[in-house]
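Encoded as structure tokens, the structure appears first; notes follow it.
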């Protein structure tokens with residue numbers, strides 16, 4: 020927290036803005052037409068102060084600001100200069116006053132084109148740029164800086180609600196400096212299915228200047244009582260400097276449901292690293308398979324039937340479905356819930372939710388369906404195509420975590436396969452037997 | 094001479110017919126991918142649409158060493174974390190492999206709570222956010238805001254909430 024406090028002095032009080040901007044104006048940068056936050060002119064500064072003062076008398080419906088990308092990664096090169104574009108999103112379509120600041124360890128290496136500007140309500144987005152000028156050397160590892168964009172409170176346009184607080188977003192700049200020699204950076208991810216198959220996936224990035232020749236991992240699995248019950252190995256592979264590869268191991272188990280711990284020892288050439296991860300065997304899972312809407316008329320109450328499967332080997336009690344339906348502005352226009360249901364082990368059942376479509380227009384709406392039980396919540400995003408007499412649900416599939424058999428063929432496939440086999444037989448007969456006979460006869 | 098011509102005719106019919114039917118079968122059986130297009134970029138959910146396949150594979154590497162597999166009846170809308178992904182579909186035959194990218198998007202919004210009694214901070218982007226809270230210019234706290242999560246906040250003029258990608 021202390022470090023952050025030093026790095027991130029973001030102040031919204033009038034005096035602070037005044038001092039901060041004055042200080043930066045005195046100290047910093049003017050390079051190739053690019054400016055740091057300090058180069059905001061005095062009149063702009065006074066304007067910002069004035070704007071902030073207005074917040075006690077003006078109102079604001081919603082403050083919202085977005086930035087993309089939220090992260091930019093740069094691979095270190097001495098004295099590298101790189102211009103980076105980011106896009107600000109005016110998601111509420113409001114007039115906005117924006118202040119941009121630079122923070123973090125790399126704050127001396129980042130230069131802004133603009134430190135203050137305005138966005139009109141008609142501007143859905145705006146591109147801004149900053150320049151990263153790296154020094155001749157940096158220590159190995161990851162070095163970060165942040166470009167922080169703050170939306171200042173302003174005049175209300177669409178509501179009388181008052182928002183006094185300010186909101187800001189930060190886009191992160193990570194500079195990755197390779198280690199001398201060999202160095203591996205890894206993570207450990209664990210995926211389990213309901214058939215007792217656990218997959219361990221270790222993404223490994225070679226962060227050293229030299230290639231890794233042999234990389235593999237040995238994974239020990241422990242119970243919650245810290246008893247080792249299995250040891251498995253991943254595949255072995257080489258990884259070039261700067262590249263990312265995955266080590267994979269699977270564990271077929273009949274172990275009882277519960278929590279386990281995986282301890283992975285990553286072995287790369289003459290070095291090693293250890294990673295730990297807790298995981299569960301036999302997760303409780305409710306899965307949404309299908310949504311049907313029958314006898315629907317726009318403007319009336321729609322009955323949505325959610326077909327849900329309990330993939331857990333025990334009863335799941337008190338489960339319910341919640342559906343949030345969003346309008347074009349991503350606001351929740353309907354929040355509907357089903358009654359509570361009990362699911363027998365490995366069974367399918369219908370959950371019913373009702374949606375009052377009074378005032379709803381034809382169109383396509385984003386929606387999120389949550390299946391909730393106990394502390395668990397499983398989300399599925401869908402689209403609802405609403406017409407006068409129908410609601411079409413788009414985007415509903417379901418996940419499997421293990422391979423099943425290949426998909427079965429249909430009639431046309433069987434017909435085609437049969438035709439090909441017959442043709443091959445005819446070809447063989449013709450070219451190996453019949454053609455010779457005909458040729459002989461023709462020769463005579 | 095007439096018989097030799099007949100033999101060549103039969104040769105031609107058999108060879109061309111067989112090749113034609115095999116090519117047609119391969120073309121017919123190979124899954125066709127509609128969306129997303131190759132190199133597609135977005136900050137939101139991705140709608141997968143295809144034909145002649147029923148298993149959708151998504152992975153963060155083109156070798157599909159640890160794919161997430163979806164059995165899909167018609168089409169599927171999927172929300173993924175930011176990153177570059179590869180996808181393919183399998184039916185009788187595998188499809189081509191396509192790439193798409195979810196670009197990191199950070200969005201914070203302050204709005205009234207639904208009951209109208211207070212205000213809440215909402216993570217409207219596609220990243221898990223680390224939100225720092227400043228009061229009177231000093232950092233007074235921080236918290237994690239998951240994707241699509243919301244948290245009640247104090248609506249004071251000297252408070253500033255700054256969200257950035259966590260980690």
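Protein chains in written order, with our numbering: chain H, 20 to 463; chain V, 94 to 260. Ideal Cβ positions, reconstructed from N, Cα and C, are used throughout, including at glycine.
- Secondary structure of residue 331 of chain H (DSSP, three-state): coil.
- Around the C-beta of residue 253 of chain V, 16 or more other C-beta atoms lie within 10 Å, and the residue is accordingly described as buried.
- Contact check for residue 325 of chain H and residue 372 of chain H: beta-carbon distance about 7 Å, within the 8 Å limit, so the pair qualifies.
- Shown in chain order are the members of the region 90-118 of chain H whose Cβ falls below 7 Å from a Cβ of chain V: 90, 108 and 110.
- For residue 257 of chain H, the closest Cβ of chain V is not nearer than 8 Å.
- For residue 411 of chain H, the uninterrupted beta strand (DSSP E) segment begins and ends at 410-413.
- DSSP, reduced to helix, strand and coil, places residue 436 of chain H within a helical segment of the structure shown.
- Secondary structure of residue 236 of chain V (DSSP, three-state): strand.
- Looking at the backbone, the Cα of residue 307 of chain H and that of residue 195 of chain H are separated by about 42 Å.
- Residue 212 of chain H: not part of any beta strand (DSSP E); DSSP gives it neither H nor E.
- Put simply, of H:232, H:155 and H:92 the residue whose alpha carbon is nearest the alpha carbon of residue 202 of chain H is H:232.
- Residues of the region 98-113 of chain V with a C-beta atom less than 7 Å from some C-beta of chain H are 100, 103, 107, 110 and 111, listed in chain order.
- The beta-carbon distance between residue 118 of chain H and residue 169 of chain H, rounded to whole angstroms, is 5 Å. This is short enough to meet the 8 Å contact definition.
- Distance between residue 273 of chain H and residue 249 of chain H, taken at the CA atoms: about 12 Å.
- In this structure, the CA atom of residue 309 of chain H is about 32 Å from the CA atom of residue 244 of chain V.
- Exclusion of the five residues before and after residue 133 of chain V leaves 193 as the residues of its chain whose Cβ lies within less than 7 Å of its Cβ.
- Along the region 196-227 of chain H, the positions whose C-beta sits under 7 Å from a C-beta of chain V are 218 and 220, read in chain order.
- In the DSSP assignment, residue 116 of chain H falls within the beta strand (DSSP E) that extends over 115-122.
- Rounded to the nearest angstrom, the gap between the Cα atoms of residue 362 of chain H and residue 329 of chain H is 6 Å.
- By the rule that beta-carbons nearer than 8 Å mark a contact, residue 394 of chain H does not touch chain V.
- Collapsing the DSSP output to three states places residue 384 of chain H in a strand.
- Contact with chain V is found for residue 449 of chain H, since one of that chain's Cβ atoms lies less than 8 Å from the residue's Cβ.
- Interface annotation, residue 454 of chain H: in contact with chain V, CB-CB separation under 8 Å.
- Close partners of residue 134 of chain H in chain V (Cβ separation under 7 Å) are lacking, with about 16 Å as the shortest Cβ gap.
- Considered as a whole, the region 284-331 of chain H harbours no complete run of any alpha helix (DSSP H) with no fewer than 4 residues.
- When the beta-carbon positions are compared, residue 177 of chain V and residue 153 of chain V come within less than 8 Å of each other.
- Contact between residue 217 of chain V and residue 386 of chain H does not hold, since the beta-carbon distance rounds to 16 Å and is not under 8 Å.
- Rounded to whole angstroms, residue 451 of chain H and residue 444 of chain H show a C-alpha spacing of 10 Å.
- Note that the C-beta distance between residue 315 of chain H and residue 410 of chain H is below 8 Å.
- With a contact defined as Cβ atoms closer than 8 Å, residue 172 of chain H and residue 183 of chain H qualify at about 7 Å.
- Shortest Cα-Cα distance from residue 137 of chain H to any of H:108, H:197 and H:159 involves H:108.
- Beyond the five residues adjoining it in sequence on each side, residue 121 of chain V comes within less than 8 Å, by CB distance, of 145 in the same chain, given in chain order.
- When only Cα atoms are considered, residue 112 of chain H and residue 349 of chain H end up about 13 Å apart.
- Of all residues in the region 233-249 of chain V, the ones placed with a Cβ closer than 9 Å to any Cβ belonging to chain H are 234, 235, 241, 246, 247, 248 and 249, in chain order.
- For residue 193 of chain H, the three-state secondary structure derived from DSSP is strand.
- With a beta-carbon spacing of about 6 Å, residue 439 of chain H and residue 115 of chain V fall inside the 8 Å limit used to define contacts.
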